[in-house]
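In the numbering used here, the protein residues as written are 406 to 1106.
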């Protein structure tokens, strides 16, 4: 029988509900937790998967031949549970391929039986499961029997294979076969056993509070962190507020709950939720968003639920087949998502000037990566509709150089193409890889290769707010990106945010206004215009720093804005900065000459390169002084004569105080003549360029 024959029926699994599938999985286990086998269709499907992804060895090292590798896809399995079981079984056999082949040769399996090469993949898969259940007999389910499966099962002799396995363990001096795996593979296998389950709240159907109440009615208790998990418990994620976490042992119990069957909670890996929330901090209500490589549709629906766009749309590209489009449309309908448009073209084939995407402001790029930071690759690849061919490299603990080069080349093309869209203002790039050549090295290289002559503002790196770094580490290079290493509680994740913003024309008041809009500068009044300050000179603009935390937020935001703006300006226009700094220093020097002595101070930002400080500047002169402060940018006067002339004119225009305390004269004409002489003297002084020496006769001095 052909291993890839589509005529094999798995109707018994397709007709089951989610809870019944979970019960079937539990019934296929012994009371002590050991597996007691799978249905025939699972073995058969796993054999077909193994045959397509097994490691092909050189002729001098080949012990077992698996026939011709089939190019066509494995037989279609519509039931998700049986598909997961088949891939898990095939991946487990793939990790122990060398050991299983040694057992077959050492036990003289091929000497006593004649097995076609096309059935060797079935032999290896069933042998792995046989030793995994300690060579106990299989409990057969009442499903359709497959002749090849029953025939191979008869050929697997317990005594010979158990003895061969014992000799292998003695030879390698290992307590169990797990220690024969590479360190990275064994560590991921341990993490996968404790990896919690993540599910985001579908706000189209229920709020976070409603979901928590439903879970508590079902007997769950909400705890503060993962460390408090025990029994029926759950907690809220620290990075994504709409993400709930459940213990790993409740995986099959959750499938039958109402909140999951009603699509109020959707299971998805946390790395995808982090990418969604990175986009959330950048988008405006009416912006369109383009999602690249979101084949499963879960990321698209999550983004739609989180943003709840008004007139904006979500575009998902690369959905070619009509079957995939129909499946995604059904998913969107079940989750009640709106404003989602599917594009059949590949992302690289879409022109940046495409009329459909002229309102797109943000691109979420989820490129095909090595998945090297995923502890449960089978579940992740199936849920996200990834490439099953990656399982071959992941089973060995490392990615081959050839495959890595192919992945990096594809990622480079995707990100480079994303930066070509003229109307796009931000690109979010996210992977599940731990290799720098797929993450920060790739992003930095592409940014350095941006053309200098481009009329558009070049992109720069903006640290994602996932979470916001502390103020002391804000300038650290590692905080330019969001990186999460694989652990026992989460898979790896890398997020880079590239934004395009022309800071050269952005005034400081606009930067503060944007910070106030984000809620960073709470309790601070917006800056007033200079004209209003002249009219209302007594009312000065004061910043109300309510707490030390607010000051830290201001310093953090200004430091980030100034540093990014300085880097962008230095890259594009260095000469302009030098002129601006020289002009600023000159103005500050002239201001210090005009306004000597102590004065009231107000906070002012200094745009020095790479730094942001709060420094005092002289306040406006008092109204009674009547001193005219010239605009340093618009007016240029001689540096020596002008200040003196201005001061003299202002001083002479001041009405003198007349005192008659010691005056004894009785002639009124004297007072008149003195006043007339004073006015003539002032008129002459106005016509003179150089201020003369002024003599004040008594008693007016």
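Cβ coordinates follow ideal geometry from the N, Cα and C atoms, glycine included.
Practice problem: Could you name each continuous beta strand (DSSP E) segment of 3 residues or more that falls completely within the stretch 796 to 846, going from the start of the chain to the end? | Solution: As far as the stretch 796 to 846 is concerned, its whole beta strand (DSSP E) runs of at least 3 residues are 831 to 836.
Self-check item: Straight-line gap, residue 659 to residue 833 (C-alpha atoms, nearest Å)
Solution: Taking the straight line from one Cα to the other gives about 32 angstroms.
Self-check item: Nearest to residue 556 (by Cα), restricted to the options 570, 528, 779, 605
Solution: For the residues 570, 528, 779, 605, the minimum Cα distance to residue 556 belongs to 528.
Quiz item: Do residue 524 and residue 503 have their C-beta atoms closer together than 8 angstroms?
Solution: no
Practice problem: Could you give the DSSP three-state label for residue 662: helix, strand or coil? | Solution: coil
Exercise. Would you mind working out which of 760, 899, 641 sits nearest residue 602, comparing C-alpha positions?
Key: 641
Self-check item: Simplified DSSP state of residue 875, which is helix, strand or coil
Solution: Since pLDDT at residue 875 reaches only 45, below the 50 mark, its modelled position is unreliable, and the value read off the structure follows with that caveat. Of the three classes helix, strand and coil, the one that applies to residue 875 here is coil, per DSSP.
Practice problem: Ignore the nearest five residues each way along the sequence and tell me which others in residue 984's own chain have a CB closer than 7 angstroms to its CB. | Solution: Residue placement at residue 984 cannot be trusted, given a pLDDT of 36 that sits under 50; what the coordinates show is reported in the next sentence. None.
Exercise. Please confirm whether residue 454 and residue 495 have their CB atoms less than 8 angstroms apart.
Key: With contacts defined by Cβ atoms closer than 8 angstroms, residue 454 and residue 495 form a contacting pair.
Self-check item: Spatial neighbours of residue 788 in its chain, beta-carbon cut-off 8 angstroms, leaving aside the 5 residues before and after
Solution: Its chain contains 672, 673, 674, 701, 703 as the residues whose beta carbon lies nearer than 8 angstroms to that of residue 788, once the 5 sequence neighbours on both sides are disregarded; these appear in chain order.
Quiz item: At what residue ranges does the stretch 704 to 783 contain a whole run of the alpha helix (DSSP H), taking only runs of 4 or more?
Solution: 727 to 740
Quiz item: For residue 696, which three-state DSSP category applies?
Solution: Residue state, collapsed to three classes: strand.
Quiz item: Whose C-beta lies closer than 7 angstroms to the C-beta of residue 585 among residues of the same chain, with five residues either side of it excluded?
Solution: 504, 577, 579
Practice problem: Spatial neighbours of residue 762 within its chain, please: CB distance less than 8 angstroms, with the 5 preceding and 5 following residues excluded, ordered by chain position. | Solution: 693, 695, 720, 755, 826, 828
Quiz item: Just the Cα atoms here: how many angstroms apart are residue 644 and residue 847?
Solution: 25 angstroms
Quiz item: Does the count of Cβ pairs from the stretch 684 to 692 and the stretch 720 to 738 closer than 8 angstroms reach three?
Solution: They do not touch, by the three-pair rule.
Quiz prompt | residue 511 beta carbon less than 8 angstroms from that of residue 572 | solution = yes
Quiz item: For residue 885, does the three-state DSSP call read helix, strand or coil?
Solution: Three-state result, residue 885: helix.
Quiz item: Which of helix, strand or coil does DSSP assign to residue 640?
Solution: strand
Quiz prompt | Contact between the stretch 791 to 810 and the stretch 446 to 462 (3+ Cβ pairs under 8 angstroms) | solution = yes
Practice problem: Quick one: using the 10 Å Cβ neighbour count with 16 as the cut-off for buried, is residue 707 buried or exposed? | Solution: buried
Quiz item: Would the stretch 834 to 853 and the stretch 807 to 825 be scored as touching if the rule is three or more Cβ pairs under 8 angstroms?
Solution: yes
Quiz item: How many whole angstroms separate the CB atoms of residue 799 and residue 776, which I take to be in contact at a CB cut-off of 8 angstroms?
Solution: Contact annotation, residue 799 with residue 776: C-beta distance approximately 7 angstroms; criterion of less than 8 angstroms satisfied.
Quiz item: Where does residue 600 sit, in a helix, a strand or coil, going by DSSP?
Solution: Reduced to three states, the DSSP call for residue 600 is coil.
Quiz item: Between the C-alpha atoms of residue 587 and residue 802, what's the straight-line distance to the nearest angstrom?
Solution: 6 angstroms
Quiz item: Would you call residue 705 buried or exposed, if buried means 16 or more other Cβ atoms sit within 10 Å of its Cβ?
Solution: Counting Cβ neighbours within 10 Å, residue 705 comes out buried, since at least 16 surround it.
Quiz item: Of all the options 711, 742, 746, 710, which has the alpha carbon lying nearest to the alpha carbon of residue 724?
Solution: Checking every option, the nearest Cα to that of residue 724 belongs to 746.
Self-check item: Beta carbon proximity, residue 552 to chain D, threshold 8 angstroms
Solution: No chain D is part of this structure, which consists of one protein chain only.
Quiz item: Can you name the residues that DSSP bridges to residue 867?
Solution: For residue 867, the beta-bridge partners assigned by DSSP are 902.
Exercise. Check whether the Cβ atoms of residue 838 and residue 742 lie closer than 8 angstroms to each other.
Key: no
Self-check item: the stretch 803 to 812 contacting the stretch 850 to 858, beta-carbon criterion three pairs below 8 angstroms
Solution: Short answer: they don't touch.
Quiz item: Excluding the five sequence neighbours on either side, which residues of its own chain have a C-beta within less than 7 angstroms of the C-beta of residue 652, listed in chain order?
Solution: Only 601, 634, 638 meet the Cβ criterion.
Quiz item: Quick one: what does DSSP say residue 467 is sitting in, helix, strand or coil?
Solution: Residue 467 carries a coil assignment under DSSP once its states are collapsed to helix, strand and coil.
Quiz item: Between the beta-carbon of residue 896 and the beta-carbon of residue 779, is there less than 8 angstroms?
Solution: yes
Self-check item: Contacting residues, own chain, Cβ-Cβ under 6 angstroms from residue 904 (five flanking each side not counted)
Solution: 831, 867
Exercise. Return the bridge partner residues of residue 649 from the DSSP annotation.
Key: 604, 641
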